[in-house]
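Q: Numbering (this note's numbering), first residue to last: 122 to 688.
Built from N, CA and C at the ideal position, the CB exists for glycine as well.
Bear in mind the structure is a predicted one, so any value in this text is a computation, not a measurement.
Starting off with a structure, shown below.
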């Protein structure tokens, strides 16, 4: 690594490739079916890799492709080293990684090691005998557990974090579904197996992992019997160190949905940088939806200001929608009800009492102005933007589908049978397609790639412009003062260059007035602003004051320029 300091002008941005990457999450079974059996597969994803390259994706995140009974969409794993035969073979995965790499796309995958399926050979051996060497791969208790209903992850389906196993006569720990027994990280053999699986997939060619439910990996937060010696974060440090030894540029992207005060530790502290490489910004995402509901920028501005300080070699991953429910659990009860009222008022739109099972376009009633404003804001925020498949064309959800599967519907490629996803009979599809106004007859790739005014073309231009603005991935972030609470004006500054982003979260047209920071005005030549989308200049006063008209849900990016500046 050729990094000498957080603002060194001689840094190669390729050293920390993930700082200005564009991550694209794919559910393999729902993306493209190459053999007509109704299930998406790795060969199908490889067939569509040029589509992702044309869009501008630089990092492909694969949801679980491991062998599974399929009770939790692949997160109930029966073999950490395997490929589910429905999706193909190890050879198919290697071909995908090779094809992606040829197009400048790295591949990461879900690391699911908090638990296994209860059908995993380890658990089958563990429950067969208390003397089994696999018994301590899991956490057991012989006495009846206390009431833990308030600690379950899925309150709609579970009422305890302990389940009774009739075969062994004891209870085993499971923070998630009862068919997903928790692994015992105090056991060195378990740690060795996890390290071996990481090493194996790195050798196959992966560039890192999205780590599922990290707080449960670091420590058993809900029992007093935590036998892990020393600081529980030591284990995460060990994983990061092992990853670095095997592949220095690989990443650990963590799912850590905790309050701000607890997040910093998962990066290794402000001076550490030796645990997670990146972390999803759940607090910022939830605050964004509150701002959208209120048409008031202050909640998201507050969340961004309060982000904890992190090591320069760490980063945030930003998103507006992921593959799970749209969780709102860090909002107050009153705030959550505001978001529910605005974007999911019907009971079938809500899930677990804390979130929504909807995609963004349907929540915003398909309003193209508002949808584009949200994605412009996403890509302008400090962090690495993460897209969920289908976001680039504005896919909706299937509210009749169970739980999180509402947003895991097949990709809509064209206005054709099965949306172009598969040639199988409709009844053989892994899941039915979205119907109605967001169905493939109205929302599909083929139509949008041919329409220069489509959301897809907007997203492609947005991605290209983001990639041309390293300030957004690398820079220091500041919310600029201005009097209108409906507007967010922020600046990202790096290596002598700045980008200012202006977003109107309300439906009303307005004019915003703000001033550039003094540092942006320094230079031998006067400063001026350039809109990288419209390729036009924006006038500023001599003191750096800017007056900018905005349409309802209007948005602009502005690069601060000086005559003769090379960047």
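From 512, 226, 423, 275, pick the residue whose C-alpha is nearest to that of residue 610; which is it?
A: Ranking the options by Cα distance to residue 610, first place goes to 423.
Q: Would residue 161 pass as a contact of residue 551 if the rule is Cβ separation under 8 Å?
A: In contact: residue 161 and residue 551 (Cβ atoms closer than 8 Å).
Q: Suppose you measure from the CA of residue 230 to the CA of residue 184; what does that come to, to the nearest Å?
A: Cα to Cα, residue 230 sits roughly 6 Å from residue 184.
Q: What residue range does the beta strand (DSSP E) around residue 291 cover?
A: Note, residue 291: beta strand (DSSP E), 291-294.
Q: Pull up the DSSP beta-bridge partners for residue 600, would you.
A: 611.
Q: Is the distance from the Cβ of residue 492 to the Cβ of residue 397 below 8 Å?
A: No.
Q: For a test of the three-state rule: what should DSSP assign to residue 269, helix, strand or coil?
A: Note: residue 269 maps to coil in three-state DSSP.
Q: Could you compute how far the alpha carbon of residue 528 sits from the alpha carbon of residue 661?
A: The straight-line gap from Cα to Cα measures roughly 44 Å.
Q: When you compare each of 262, 320, 623 to residue 366 by their alpha carbons, which one comes out closest?
A: Ranking 262, 320, 623 by Cα distance to residue 366 puts 320 first.
Q: Following the continuous alpha helix (DSSP H) through residue 67, name the residue where it begins and the one where it ends.
A: Nothing can be reported for residue 67, as the shown portion of the chain is limited to 122 through 688.
Q: Excluding the 5 residues flanking residue 434 on each side, which residues of the same chain have their C-beta closer than 6 Å to its C-beta?
A: The residues are 394.
Q: Name the residue from 402, 441, 373 whose alpha carbon lies nearest to the alpha carbon of residue 428.
A: Selected option, being the one with the closest Cα: 402.
Q: Let me know if residue 208 comes out buried or exposed under the rule of 16 or more other beta-carbons within 10 Å of its beta-carbon.
A: When all chains shown are included, residue 208 counts as buried.
Q: Let's see if you can read the secondary structure: which residues bound the alpha helix (DSSP H) around residue 213?
A: Per DSSP, residue 213 belongs to the alpha helix (DSSP H) from 211-223.
Q: If we call anything under 8 Å between Cβ atoms a contact, is residue 186 one with residue 204?
A: It is a contact, given that the beta carbons lie within the stated cut-off.
Q: Can you give me the start and stop residues for the beta strand (DSSP E) that residue 331 sits inside?
A: It spans 329-332 - the beta strand (DSSP E) in which residue 331 sits, taken as one unbroken run.
Q: State buried or exposed for residue 512, treating a residue as buried only when at least 16 other CB atoms are found within 10 Å of its CB.
A: Answer is buried; the Cβ neighbour count reaches 16.
Q: Where DSSP assigns a beta bridge to residue 304, which residues make up the other side?
A: In the DSSP output, where bridge partners are listed per residue, residue 304 has 259.
Q: How about residue 303 and residue 236: are their beta carbons less than 8 Å apart?
A: Going by C-beta atoms, residue 303 is nearer than 8 Å to residue 236.
Q: Quick one: what does DSSP say residue 593 is sitting in, helix, strand or coil?
A: Helix at residue 593.
Q: Report, in whole angstroms, the separation of the C-beta atoms of residue 154 and residue 412, which I expect to be a contact under 8 Å.
A: That pair is no contact at about 39 Å.
Q: Who does residue 400 pair with in a DSSP beta bridge?
A: Residue 400 is bridged to 375, 437.
Q: In three-state terms, what does DSSP make of residue 630?
A: Here residue 630 sits in coil by DSSP.
Q: As a quick exercise: from 179, 526, 198, pick the residue whose alpha carbon is nearest that of residue 188.
A: Looking at the Cα atoms, 198 is the closest of the given residues.
Q: Taking 6 Å as the limit between beta carbons, can you name the residues of its chain near residue 450, skipping five residues before and five after?
A: Excluding residues within five positions, the ones whose Cβ falls inside 6 Å are 475.
Q: According to DSSP, simplified to helix, strand and coil, what is residue 132?
A: Residue placement at residue 132 cannot be trusted, given a pLDDT of 42 that sits under 50; the coordinates are not used to answer.
Q: Applying the criterion that 16 or more other CB atoms from any shown protein chain within 10 Å of the CB defines a buried residue, is residue 296 buried or exposed?
A: Counting Cβ neighbours within 10 Å, residue 296 comes out buried, since at least 16 surround it.
Q: Using a Cβ-Cβ cutoff of less than 6 Å, which residues in the same chain neighbour residue 211 once the five nearest sequence positions on both sides are dropped?
A: Hits under 6 Å: 204.
Q: Could you tell me if residue 585 is buried or exposed, where buried requires 16 or more neighbouring beta carbons within 10 angstroms of its beta carbon?
A: So residue 585 ends up on the exposed side.
Q: According to DSSP, simplified to helix, strand and coil, what is residue 231?
A: Three-state DSSP puts residue 231 in a strand.
Q: Report the residue from 164, 368, 473, 226 whose alpha carbon sits nearest the alpha carbon of residue 272.
A: Answer by Cα proximity: 473.
Q: Just tell me which of 333, 573, 541, 680 has its CA closest to the CA of residue 593.
A: For the residues 333, 573, 541, 680, the minimum Cα distance to residue 593 belongs to 680.
Q: Check for me: the beta strand (DSSP E) holding residue 392 runs from which residue to which?
A: From DSSP, residue 392 is part of no beta strand (DSSP E); its letter is neither H nor E.
Q: Could you tell me which residues DSSP puts in a beta bridge with residue 569?
A: DSSP output for residue 569 lists no bridge partner at all.
Q: Cutting at 7 Å between CB atoms, please list the residues of its own chain near residue 291, excluding the five before and the five after it.
A: So the qualifying residues of the chain are 261, 262, 263.
Q: Checking 8 Å against the spacing of the C-beta atoms, do residue 509 and residue 442 come in under that value?
A: It is a contact, given that the beta carbons lie within the stated cut-off.
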